[in-house]
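Protein sequence lines correspond, in order, to chains S and X.
Numbered per our numbering, the first sequence spans residues 71 to 413.
Numbered per our numbering, the second sequence spans residues 71 to 413.
Backbone N, C-alpha and C fix where the C-beta goes; we use that ideal spot for every residue, glycine too.
All values reported here derive from a predicted model rather than from experimental measurement.
Protein chains: 2
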Amino acid sequence: MRFEAITIKDIALALGLSTSTVSRALRDSHEISPETKEKVLSYAKENNYKPNPIALSLKEKRSSSIGVLVSEIANSFFSQAINGIESVAQEKGYNVIIAQSKEYFDREVSSMQFLASRSVDGILFSVSAETSDFTHIQQLYNRGMHMVSFDRTVSFGDIHKVSVDNFKAAYEATTLLINNGFNNIACIANASFLSITMERVEGYKAALKDHSIPIIEENIGFCSHGGLIYEEVEEILNKKMLGIHKPDAILACSDKITTNTMRYCQVHKISIPQEVGLLGFSNLDLTDLLSPSLSVVRQPAYEMGRIAAELLINQIASKRPVTQFNNVVLPAELHQRDSTRKK
Amino acid sequence: MRFEAITIKDIALALGLSTSTVSRALRDSHEISPETKEKVLSYAKENNYKPNPIALSLKEKRSSSIGVLVSEIANSFFSQAINGIESVAQEKGYNVIIAQSKEYFDREVSSMQFLASRSVDGILFSVSAETSDFTHIQQLYNRGMHMVSFDRTVSFGDIHKVSVDNFKAAYEATTLLINNGFNNIACIANASFLSITMERVEGYKAALKDHSIPIIEENIGFCSHGGLIYEEVEEILNKKMLGIHKPDAILACSDKITTNTMRYCQVHKISIPQEVGLLGFSNLDLTDLLSPSLSVVRQPAYEMGRIAAELLINQIASKRPVTQFNNVVLPAELHQRDSTRKK
DNA sequence: CTAATTTACGCAAACGATACCGGTTCATTT
DNA sequence: AAATGAACCGGTATCGTTTGCGTAAATTAG
């Protein structure tokens, strides 16, 4: 037994009408008599008629679904962002179809193609750690796909973007470390070409400069695969912690890097904040329960998801082609806790 | 400019063939000459032809998409499970459409209706904390919707189920607490009628019984809204911790309850494990970095998602109606850490 | 009372792809 | 030489819905 719903044809047959009359009655057309309307409407209600969205999609050339492409779902920042996206989509009657790149460029390309081929009306995306080339995105975009870039945004111009003020967040985080007495601060960031990486590293550098602290390039590390696996972060931290300029504090520039750095310190018995201070970007909601409690930059992930989804759906629903592109920049929150408080 | 893809009709027109010939050529039918096939195939490749999945869905009466209904995406267990589901779906060419109940019965019903009305081919679900009545699920199921129940399973019979051995997990967790010298153990669980709650509480009780420890009903608390918000857990813990039988250990029976219990102890300055031991179900991957490091029951969430998705997709693809229903029960992992080690 | 207009509905095409039912060539068999 | 049968391809209905157009009956205007 297959799952089958009642169709307009069934209603027409049952009531001795044509499908077009039924269709118009359901859409409350003026050229259907009140009595017929009433008959159709009540019959439809009784039999729980729901228009077939697939037939509608074929006809209207739109699917009422949006795709979301992120590097990893099981990541507090992205799952919160998806949460926001889903809430807006639900309100506006859209499906959310999710796909993951797992930080691989190839998987990003194929996932995006997958979404496009599944006729989503638009795509919300945050690029993978391996993505420095945006042609696959731009091609899709130029062919008319509605797209909104969030978090790790793209460099080309005419597209809505939603992110936090990464420069300011990193600047203030670094300043906090400096004000707490740390002066040899390492910065472990994501892949070097990502927007968030460049902005955060710039904020880090600017804070050092404004406090007359020399910028040491060896103090900056990049995780070319997003710090997704522990070993990647370990390798980079080994270079810093066993190097000549052993830092007295670390600024960890993403969720995964932060937790993996914490793990590194535990594994290698490096005490925080005595031996090294730690401040990380993180959206976990129990960073205050960690040992030590962790100073963090928290991004408004849920809000970012909501805004990005609203921009996308508005763009999809807009009659005229959109020419005004927003670059929404939200403030991040800085929470000071024990991991940056020298005894 | 709208996003438009090339269709079979375009190919037919360009090559001076009929749509049916093109269709057959693309599907490698034997009744198309090799030359024609070659022409069609190369033209299709050149112009990046992708069959329109919506048209296919309408014709074949299947959408190649599955729905996932969970209480909350931003929850480590569910995001990992969705991760597993998505990986299988990707392999088999299915979309994953997600919906959240937020632990509300009403939202579960409407979300499930939403998924059904969007013509998903099947639904993977874990019921909300408020769901004691399964008629909305059973109705959909009886109308022929393919469904697989995971984690918080349903009570009716003929349906695939995937879960962990909750009884055993709770039994062993409780036994660990007992063996570590705790003997007045509170159990804070999810809503009382959920499968996972009943099984875990039974496991807890059985362990007490087997160790000749009396079962005190006041030591058992239920979070009727899943412990999603802190205040709910706080209220229940207040009753236990300020009551007559103040427990010396707590078994927290879900992700959210575990972290909120930990938060409670911090807020109320209750030292773990000195004043109270804590062992919780949790799928966070930094419970070892908490203060103190947390003893946990960890569920194979990714694996559960994979298995559930495979069962569902196999059922969808099956020609004959499925009569054999699996009840997959996986083992959970018990990790002993400091939160259960009395000094 | 005729002519014009309105009302209320049906017919059929369209969206993209598939599949059944034919039909037209040739080559092979009796 | 006629019949059979592959081989190859086109026409068309179909999925469920919307919509432009056509048209009969009913109403109104002149």
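- When 8 Å is used as the limit between beta carbons, S:K389 is near no residue of chain X, the shortest such separation being about 12 Å.
- No Cβ of chain S is located within less than 8 Å of the beta carbon of X:G350.
- Looking only at X:S133, X:I102, X:P104 and X:E116, the smallest Cα-Cα distance to X:A84 is reached by X:E116.
- Within the segment 94-126 of chain X, K120, N122, P123, I124 and A125 place their CB atoms closer than 8 Å to a CB of chain S, listed in sequence order.
- Against chain S, a Cβ distance below 7 Å from X:R188 picks out P123 and N165.
- If you draw a straight line from the Cα of X:C257 to the Cα of X:G291, it comes to about 6 Å.
- In the DSSP assignment, S:M268 falls within the alpha helix (DSSP H) that extends over S265 to D280.
- Neighbours of S:L264 in chain X, taken as residues at a C-beta separation under 8 Å, are lacking, since the least C-beta distance is about 22 Å.
- Near chain S, meaning a CB-to-CB distance below 9 Å, the residues of the segment 366-398 of chain X are A371, Y372 and P391.
- Under the 8 Å Cβ criterion, the segment 143-160 of chain X does not count as touching the segment 174-184 of chain X, having fewer than three qualifying pairs.
- Taken in chain order, the complete alpha helix (DSSP H) segments of 4 or more residues contained in the segment 172-249 of chain X are 175-187, 205-212 and 236-249.
- By the Cβ test, the segment 312-331 of chain X is in contact with the segment 343-351 of chain X, since at least three Cβ pairs between them sit closer than 8 Å.
- X:S171 places its beta carbon less than 8 Å from that of X:L139.
- Taking the Cα of S:R407 as reference, the smallest distance to any Cα among S:G350, S:Q385 and S:M374 is reached at S:G350.
- Interface annotation for the segment 288-306 of chain X against chain S: empty, criterion Cβ-Cβ distance under 8 Å.
- Of the candidates S:R333, S:G347 and S:G296, the residue whose Cα lies closest to the Cα of S:S324 is S:G296.
- Taking the Cα of S:K109 as reference, the smallest distance to any Cα among S:A82, S:F204, S:G137 and S:R213 is reached at S:A82.
- Only those residues of the segment 311-335 of chain X whose C-beta falls short of 8 Å from the nearest C-beta of chain S are listed: T329, M332 and R333.
- Spanning the alpha carbons of X:N396 and S:V197 requires a straight line of approximately 39 Å.
- For S:I299, the number of other beta carbons within 10 angstroms of its own is below 16, and it is reported as exposed.
- Per the C-alpha coordinates, the member of X:V399, X:R390 and X:K389 positioned closest to X:Q369 is X:V399.
- At a beta-carbon threshold of 8 Å, the residues of chain X lying near S:E156 are I143, I168, A169 and Q170, ordered along the chain.
- The segment 377-396 of chain X and the segment 153-172 of chain X touch, with three or more beta-carbon pairs separated by less than 8 Å.
- When rounded, the separation of the alpha-carbon atoms in S:S187 and S:R213 is 13 Å.
- In terms of CA proximity to X:G163, S:L185 leads the group S:G154, S:S361 and S:L185.
- The DSSP assignment places 104-116 and 123-130 as complete runs of the alpha helix (DSSP H) inside the segment 100-139 of chain X, in order along the chain (cut-off: 4 residues).
- When 9 Å is used as the limit between beta carbons, S:L360 is near these residues of chain X: L356, L359, L360 and S361, in chain order.
- Of the candidates X:Q385, X:D355, X:Q336 and X:K275, X:Q336 places its Cα closest to the Cα of S:D358.
- Separation of X:V366 and X:L360 (C-alpha to C-alpha, rounded to the nearest whole angstrom) is 12 Å.
- Per DSSP, S:R94 is one residue of the alpha helix (DSSP H) stretching across T89 to L96.
- In this structure, the CA atom of X:S202 is about 19 Å from the CA atom of X:N236.
- Taking the CA atoms as reference points, X:A402 sits about 46 Å from X:Y119.
- At least one CB of chain X lies nearer than 8 Å to the CB of S:N153.
- In chain order, E101 and I102 place their CB closer than 8 Å to the CB of X:R94, counting only its own chain and leaving out the 5 sequence neighbours on each side.
- Beta-bridge partners of S:C293 (DSSP): none assigned.
- Chain-order list of chain X residues neighbouring S:L400: empty, with the shortest C-beta distance near 18 Å, by a criterion of under 9 Å.
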